[in-house]
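Data block below; observations after.
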Amino acid sequence: AASEEPLPAATAAAATAAASAIALPPEELARSRTAAWVRRTLSPLGLRFCPYTASAEVSGSGLESFGVRPAPIAYAHSEAGSVASLLVDFWASACGMAEGGEEVSSIVLSAPSWDDRWGEWHRTVFPLLEASVLAAGLGRTLGIVCFHPQYETPSDAWLARHRFGHMHSPSKLRRYLREHDAALAARSSESDLRWAGSYQRRSPHALINVLWARQLEAAERRRKSSSLYTRNIRAALEAGQDSLEAERRRERGELTAELAPPRPPSASPPQLE
């Protein structure tokens, strides 16, 4: 018999978004899916991959002692299918953020035309974003983070040249685990770590996350990166690859709620070491 246990809040939100997706125009559909993903993976209602994301609406929380105040997340959208047009849409959003002061904490720009183009997304788009941000003299003002439905952490050789916006390599993640959780490091294979790292960057659409560099610097001072990534890897591996990938596919409308059983909620939010 099917379980009557209620769905966790974040999973229920993803299921609701998927069920109503067919009636939404493309921009609203992308925003609905992206907000459900932020809630499920980044916020305290879900996996809590980002301890400074309070909800699908607000981020920058927990950094007040460093002069950073929580502010709304701005969702933006681009239908661009070419690099040139995407850069135009990116800069329209980024300039609005830079010129408007810290009225928003970040921009999450969805670009669904790139959802099946992971190779171009990480080999062409993100190096160009990095070059254009630096050329504009905004390297100390804005930070950019890369997300994609097919995200795979690039090779060590690629990351040595293009670290901008990407997840740490499995070898670095293993060093973090050895520092904070030797037992988990010993039982986690290379493929486990590659998936758990990559999953933290897998989103319902190709996304460009634009953040304040000052906020990123405050987060680095507030947290210990090795501890945070150890916690995130543990959370992903404990939830399970099959379960989390099913939730991700459901957010994209590839599964109905009935086909992917919900992940049971944890008894209490995981804490940073």
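Reminder that position 156 of the sequence shown reads as 152 in our numbering, one-by-one numbering, no gaps.
Just so it is clear, CB atoms sit at the ideal spot from N, CA and C, and this is done for glycine as well.
Model, not experiment: these values are computed from the prediction.
Discussion item. In this structure, how does DSSP classify residue 43 when only helix, strand and coil are distinguished?
Written reply: coil
Worksheet item: What separation, rounded to the nearest whole angstrom, lies between the Cα atoms of residue 250 and residue 118?
Response: 24 Å
Item to complete: For the alpha helix (DSSP H) containing residue 122, list its first residue and its last residue.
Response: 122 to 131
Item to complete: Give the straight-line distance between the Cα atoms of residue 18 and residue 183, rounded to the nearest whole angstrom.
Response: Summary for residue 18: the model assigns pLDDT 47, below 50, so the residue's position carries little reliability, and this model does not support an answer.
Fill in: N-terminal and C-terminal residue of the alpha helix (DSSP H) that residue 104 is part of
From DSSP, residue 104 is part of no alpha helix (DSSP H) but of the beta strand (DSSP E) over 102 to 106.
Worksheet entry | Three-state secondary structure (DSSP) of residue 134 | coil
Discussion item. For residue 191, which residues in the same chain have their Cβ closer than 7 Å to its Cβ, ignoring the five residues on either side in sequence?
Written reply: 237
Worksheet item: Does the ligand NAP have even one heavy atom less than 7 Å from the beta-carbon of residue 166?
Response: The ligand NAP is absent from the structure shown, which contains no ligand whatsoever.
Discussion item. Do residue 90 and residue 206 count as a contact pair if the criterion is CB distance below 8 Å?
Written reply: yes
Practice prompt. Consult DSSP for residue 193 and reduce its assignment to one of helix, strand or coil.
Written response: Correct three-state label for residue 193: helix.
Worksheet item: Since residue 207 sits in a beta bridge, which residues does DSSP pair it with?
Response: 102 and 139
Worksheet item: Which residues mark the beginning and the end of the beta strand (DSSP E) in which residue 73 is found?
Response: 67 to 73
Worksheet item: When you compare only the Cα positions, how much space is there between residue 167 and residue 143?
Response: If you take the alpha carbons of residue 167 and residue 143, they lie about 20 Å apart.
Worksheet item: What's the C-alpha gap between residue 120 and residue 130?
Response: 16 Å
Worksheet item: So, is residue 111 buried or exposed, given that buried needs 16 or more other C-beta atoms within 10 angstroms?
Response: Result: buried.
Discussion item. I want to know whether the region 80 to 94 touches the region 46 to 55 - three or more CB-CB distances under 8 Å.
Written reply: no
Fill in: Minimum C-alpha distance to residue 102 - residue among 138, 124, 73 and 114
Selected option, being the one with the closest Cα: 138.
Worksheet item: For residue 64, which beta-bridge partners are listed by DSSP?
Response: In the DSSP assignment, no residue is bridged to residue 64.
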